[in-house]
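What follows is a set of notes on a single structure, which appears directly below.
Residue numbers (our numbering): 262 to 567.
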């Protein structure tokens, strides 16, 4: 049985950090990684959906991961999402990630063409073969990838000894229970949808990887603490506050990550904006982002006494 404890807990999906001209910023990447380390989260999920990976080149993704590893690689669990929409580029990123010493690599299925499950399994196993000494995490996000992780595909992937679990971003929490039941204690399941952190964890997920953790890591760490204590009533109340914050970020009239980055800027961490075609925050959205920051501050005061 593998020791998977390093994957348990709160792992923010790392945001892309840009210079003011829109280029990838190694310095801002290092600063943001260090900021999250100091907040006390377990690890980072780098170059995933929240990291805007589909709008970046291979070279930019390598630069981001190198900066993260330089800043915090020996102090946190690092999972590098390496999927590109072709096998060769994905394998190149997987080999690069292993060369840097990440804990795991992860991959969504290929998008656009609806490939048969045998082709998806080959794609994932080819990627894994390029990092033969590194754990592999399946990323199940059917609402964006257009492909669901079925039970036959999951069982086939578990034949690969490097597969350690699933980052599950499908909406039914039952999927978490099913993946855990089949994989048992030899796999780890990450809750994906931040709005159901409590539900996903109580039904079987050992950890969470989420796109809104970065603006309010203290609140998700508190949720994790409350779950460990068995204080479900307080955890549920905090989850409702967190969800209200997420809904408010989504109502800022831009891409949610643009709103999140403005909240971070108001918190003292400037990591730039988002990359086109994602919509940046407008002047009209800035007061709404400021209201989100206020909501976070109020929730921290209520639940953390901060």
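Each residue gets a CB set at the ideal place from its N, CA and C atoms; glycine is no exception. In this text the structure is predicted, and so the values were computed from the model without any measurement.
Closest residue to residue i among the options (Cα-Cα distance)
| i | options | result |
| --- | --- | --- |
| residue 367 | 426, 538, 492 and 552 | 426 |
| residue 349 | 288, 333, 388 and 334 | 388 |
| residue 363 | 471, 466 and 397 | 397 |
| residue 332 | 464, 296 and 414 | 296 |
| residue 328 | 547, 358 and 311 | 358 |
| residue 523 | 506, 551 and 502 | 551 |
| residue 395 | 365, 374 and 383 | 365 |
| residue 266 | 517, 304, 289 and 275 | 304 |
| residue 274 | 475, 456, 433 and 301 | 475 |
| residue 361 | 438, 325 and 272 | 325 |
| residue 411 | 390, 422, 561 and 379 | 379 |
| residue 460 | 497, 301, 506 and 489 | 497 |
| residue 434 | 422, 414, 456 and 421 | 456 |
| residue 528 | 505, 553 and 452 | 553 |
Residues that residue i bridges to, as DSSP identifies them
| i | result |
| --- | --- |
| residue 357 | Per DSSP, none; premise fails for residue 357. |
| residue 452 | 429 and 469 |
| residue 342 | 367 |
| residue 279 | 285 |
| residue 424 | 397 |
| residue 306 | 274 and 340 |
Unbroken alpha helix (DSSP H) run spanning residue i, endpoints
| i | result |
| --- | --- |
| residue 403 | 403 to 406 |
| residue 548 | 547 to 564 |
| residue 333 | 319 to 333 |
| residue 293 | 287 to 300 |
| residue 488 | 478 to 490 |
| residue 380 | 378 to 390 |
| residue 414 | 412 to 418 |
| residue 533 | No alpha helix (DSSP H) contains residue 533, which DSSP labels as neither H nor E. |
| residue 539 | Element bounds for residue 539: n/a, residue is neither H nor E. |
| residue 347 | Per DSSP, residue 347 belongs to no alpha helix (DSSP H) and is neither H nor E. |
| residue 436 | 434 to 444 |
| residue 508 | 493 to 511 |
| residue 459 | 458 to 463 |
Residue environment, residue i, which counts as buried when at least 16 other CB atoms sit within 10 Å
| i | result |
| --- | --- |
| residue 454 | buried |
| residue 536 | buried |
| residue 377 | exposed |
| residue 458 | buried |
| residue 462 | buried |
| residue 491 | exposed |
| residue 401 | buried |
| residue 346 | exposed |
| residue 443 | exposed |
| residue 565 | exposed |
| residue 268 | buried |
| residue 289 | buried |
| residue 548 | exposed |
| residue 508 | exposed |
| residue 264 | exposed |
| residue 283 | exposed |
| residue 318 | exposed |
| residue 306 | buried |
| residue 489 | exposed |
Beta-carbon proximity list for residue i, same chain, < 7 angstroms, skipping 5 on both sides
| i | result |
| --- | --- |
| residue 208 | What is shown of the chain runs 262 to 567, which leaves residue 208 out entirely. |
| residue 286 | 278, 279, 280 and 533 |
| residue 314 | 308, 322 and 342 |
| residue 406 | 369, 370 and 372 |
| residue 515 | 540, 541, 542, 543 and 546 |
| residue 418 | 382, 385, 399 and 424 |
| residue 270 | 303, 468 and 485 |
| residue 392 | 355, 356, 358, 359 and 366 |
| residue 495 | 487 |
| residue 445 | none |
| residue 438 | 464 and 465 |
Other residues of its chain near residue i: CB distance less than 8 angstroms, five sequence neighbours each side excluded
| i | result |
| --- | --- |
| residue 336 | 298 |
| residue 530 | 292, 293 and 296 |
| residue 448 | 265, 419, 424, 425, 426, 427, 440 and 441 |
| residue 416 | 443 |
| residue 602 | Only positions 262 to 567 of the chain appear in this structure, which leaves residue 602 out of reach. |
Same chain, Cβ closer than 6 angstroms to residue i, neighbours up to 5 away in sequence not counted
| i | result |
| --- | --- |
| residue 436 | 429 |
| residue 503 | 480 |
| residue 477 | 557 |
| residue 441 | 450 and 465 |
| residue 513 | 520, 546, 549 and 550 |
| residue 517 | 510 and 511 |
| residue 526 | none |
| residue 472 | 274 and 311 |
Unbroken beta strand (DSSP E) run spanning residue i, endpoints
| i | result |
| --- | --- |
| residue 268 | From DSSP, residue 268 is part of no beta strand (DSSP E); its letter is neither H nor E. |
| residue 365 | 365 to 368 |
| residue 525 | Premise fails: residue 525 lies in the alpha helix (DSSP H), 517 to 527, not in any beta strand (DSSP E). |
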